[in-house]
Amino acid sequence: MTDFLVKKFVPNYTSTDSVEVRTAYGRLSGIVGIICNVIMFVFKLAAGFISGSISITADAFNNLSDASSSIISLIGFKLASMPPDREHPYGHGRYEYLSGLVVSALVIAIGIELFTTGVRKIITPEAVEFGVLPAVVLILSAALKLWMMLFNRRLGNRISSGALLATAADSRGDVISSCAVLVSAIISSLTGFELDGYAAVAVSVFIVISGIGLVRDTLDPILGKAPSTETVRDIRDRILTYPGVLGIHDLIVHDYGPGRTFASVHVEMSADTDPLESHDIIDNIERDFAENRHLQLIVHYDPIVTNDPEVESLRIYLHEHLHEIGAGLTFHDLRLVRGASHSNVIFDCIMPYGMSMSESELREKISELVRQKDPSYNCVITIDRSFCSE
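Going by the numbering used here, the sequence shown opens with residue 190, and the numbers climb by one from there.
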């Protein structure tokens with residue numbers, strides 16, 4: 190069913206990096222969500238009034254809220270598809286993240302409201318007349334929500350959309366909610382013990398916990414989450430395939446919404462290579478990522494001295510001994526400026542997050558390490574932080 194709908198309503202559905210295709214996926218999810226949730230709201234509301242069950246009625250309004258969430262997702266995808274303008278040169282892709290955040294907040298609000306309703310029902314219980322009609326409605330509702338969960342999860346994974354994955358997680362909560370209401374109603378009708386309020390409280394706690402997790406997941410890209418290890422490795426490995434490239438460092442990736450990724454990186458090349466040749470290689474790298482990875486990459490050229498034995502000896506020494514100061518320490522941009530009385534050893538050092546010592550303490554320890562090799566060396570160290578997860 191999912192593949193049929195995608196092929197029917199999403200033109201060029203395999204081109205998931207396209208903004209237009211992503212918008213079509215979001216539109217399909219939103220329209221399906223609105224139709225299904227409105228249908229469930231009507232039938233559950235009727236079943237709730239007939240049976241007198243507050244948990245079924247609350248579940249009905251939960252579906253109505255889900256329809257509102259689908260509308261928000263629709264608006265979010267529509268706004269995210271707007272082209273860049275003078276005020277927003279990086280596009281409007283983060284609207285998709287914001288819509289996911291709003292949906293997550295609505296999930297929490299629904300959970301809190303359901304919790305208060307359930308507590309009131311526990312304090313002042315009322316008899317619930319549970320019959321065949323409410324049972325059938327809840328079973329069909331749970332089945333439909335299960336399909337919606339799988340539907341949105343599949344779409345969300347296909348286009349890597351946090352908003353659609355949040356919708357899928359919300360549907361999962363609704364499946365559990367409907368099943369819990371059904372089980373509690375059956376037990377209550379068989380035993381006479383009113384579990385309606387307790388079921389509402391239990392479901393509300395699950396919904397709130399799920400909502401908090403969704404908020405965290407949708408906030409990460411807005412705040413500036415580090416690129417995945419797979420992304421870093423893909424960029425690094427592809428750049429290293431180019432002739433003359435010795436290494437990379439200072440990779441920074443900016444996410445301005447799905448399909449709108451910008452990055453910068455320092456590429457190390459031999460200082461002996463013709464600058465025009467190096468520049469041509471860098472142009473090819475940038476063009477390659479723009480055309481084949483949909484990544485706007487800016488490459489900074491770092492010339493590396495490869496024919497100075499003293500510099501090479503220093504490089505090897507630091508590679509072998511820097512880990513003695515702290516695990517995860519790396520360096521780059523090593524230069525040696527010789528003088529009459531001393532030589533300046535200039536380089537950048539990447540300081541891992543969570544390291545107990547301060548930057549000044551780290552500089553002193555590294556300087557002491559370098560002086561052990563040659564007392565005439567004076568270190569000039571710039572402490573950097575990694576902007577990647579690797």
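All residues carry an ideal CB built from backbone N, CA and C; glycine is no exception.
For residue 491, which of helix, strand or coil comes out of DSSP? Sequence index remark: in the sequence shown, residue 491 carries index 302 (1-based). Reduced to three states, the DSSP call for residue 491 is strand.
Which first and last residues belong to the beta strand (DSSP E) in which residue 520 is found?
Here the question's residue 520 lines up with position 331 in the sequence shown. Here the beta strand (DSSP E) through residue 520 covers 519-527.
- Task: For residue 310, count neighbouring Cβ atoms within 10 angstroms of its own Cβ and tell me buried if that reaches 16, exposed if not.
- Result: In the sequence shown, counting from the first residue as 1, residue 310 sits at position 121. Buried: at least 16 other Cβ atoms inside 10 Å.
Check your understanding: Thinking just about the alpha-carbon of each residue, which of 479, 467, 574, 293 is nearest to the one in residue 356?
Key -> On the sequence shown, position 167 is the one that residue 356 refers to. Comparing Cα positions, the closest option is 293.
_Nearest-angstrom beta carbon gap, residue 500 and residue 525 [assumed within contact, 8 Å]_ = If you number the sequence shown from 1, residue 525 lands on position 336. If you number the sequence shown from 1, residue 500 lands on position 311. The Cβ separation is near 5 Å, so the contact holds.
- According to DSSP, is residue 530 helix, strand or coil? Here residue 530 refers to the residue found at position 341 when the sequence shown is read from its first residue. In the structure shown, residue 530 sits in coil (DSSP, three-state: anything other than H, G, I, E or B).
message: Please state whether the Cβ-Cβ distance between residue 256 and residue 227 is less than 8 Å.
response: What you label residue 256 is simply residue 67 of the sequence shown in a count that begins at 1. What you label residue 227 is simply residue 38 of the sequence shown in a count that begins at 1. Yes, these two residues count as a Cβ contact at 8 Å.
For residue 595, which option in 247, 506, 455, 385 has the closest C-alpha, if you only look at C-alpha atoms? Look at the range of the chain in this structure, 190 to 579, and you will see that residue 595 is not part of it.
Using only alpha-carbon positions, find the residue among 206, 208, 217 that is nearest to residue 190.
Taking the first residue of the sequence shown as position 1, residue 190 is located at position 1. Among 206, 208, 217, the Cα nearest to that of residue 190 is on 217.
Task: the segment 324-336 / the segment 222-238 touching (three or more Cβ pairs under 8 Å) - done: yes
Would you say the segment 507-519 touches the segment 534-546, given that touching needs at least three Cβ pairs under 8 Å? yes
With a cut-off of 8 Å on the beta carbons, I'd call residue 461 and residue 495 a contact; round off their distance for me. On the sequence shown, position 272 is the one that residue 461 refers to. On the sequence shown, position 306 is the one that residue 495 refers to. Going by Cβ atoms, the distance from residue 461 to residue 495 rounds to 7 Å, so yes, they are a contact pair.
Q) Does DSSP classify residue 199 as helix, strand or coil? A) On the sequence shown, residue 199 is found 10 positions in, with the first residue counted as 1. It is coil, neither helix nor strand.
field: residue 567 - DSSP class collapsed to helix/strand/coil
entry: Along the sequence shown, one-based indexing puts residue 567 at 378. Looking at residue 567 - three-state DSSP - the assignment turns out to be strand.
field: Contacting residues, own chain, Cβ-Cβ under 6 Å from residue 554 (five flanking each side not counted)
entry: Walking along the sequence shown from the start, residue 554 turns up at place 365. Closer than 6 Å at Cβ, skipping near neighbours: 514.
Exercise. Quick one: using the 10 Å Cβ neighbour count with 16 as the cut-off for buried, is residue 473 buried or exposed?
Key: By 1-based counting over the sequence shown, the position of residue 473 is 284. With fewer than 16 other Cβ atoms within 10 Å, it is exposed.
ask   = Taking Cβ positions, are residue 369 and residue 303 nearer each other than 8 Å?
value = For the purposes of this step, residue 369 is identified with residue 180 of the sequence shown, where counting begins at 1. For the purposes of this step, residue 303 is identified with residue 114 of the sequence shown, where counting begins at 1. Taking 8 Å as the Cβ cut-off, residue 369 and residue 303 do not qualify as a contacting pair.
Using a Cβ distance threshold of 8 Å, determine whether the segment 429-439 contacts the segment 259-276, with at least three qualifying pairs required. no
#### Entry: For residue 457, the first and last residue of its enclosing beta strand (DSSP E)
On the sequence shown, residue 457 is found 268 positions in, with the first residue counted as 1. First-last of the beta strand (DSSP E) with residue 457: 450-459.
**Request:** Step through the CB atoms of chain C and report whether any lies within less than 8 Å of the CB of residue 432.
**Result:** Absent from the structure: chain C. Only one protein chain is present.
task = Name the one or two DSSP bridge partners that residue 442 has.
result = Walking along the sequence shown from the start, residue 442 turns up at place 253. DSSP output for residue 442 lists 452 as bridge partner(s).
Original post:
Which value, in whole angstroms, describes the spacing of the CA atoms of residue 416 and residue 340?
Top reply: As a first step, residue 416 must be located in the sequence shown, where it is residue number 227. As a first step, residue 340 must be located in the sequence shown, where it is residue number 151. If you take the alpha carbons of residue 416 and residue 340, they lie about 27 Å apart.
State yes or no: is the C-beta of residue 330 within less than 8 Å of the C-beta of residue 377? Taking the first residue of the sequence shown as position 1, residue 330 is located at position 141. Taking the first residue of the sequence shown as position 1, residue 377 is located at position 188. For residue 330 and residue 377, no; Cβs fall outside 8 Å.
Tell me residue 253's beta-bridge partners as DSSP assigns them.
Mapped onto the sequence shown, residue 253 falls at position 64. Beta-bridge pairing links residue 253 to no other residue.
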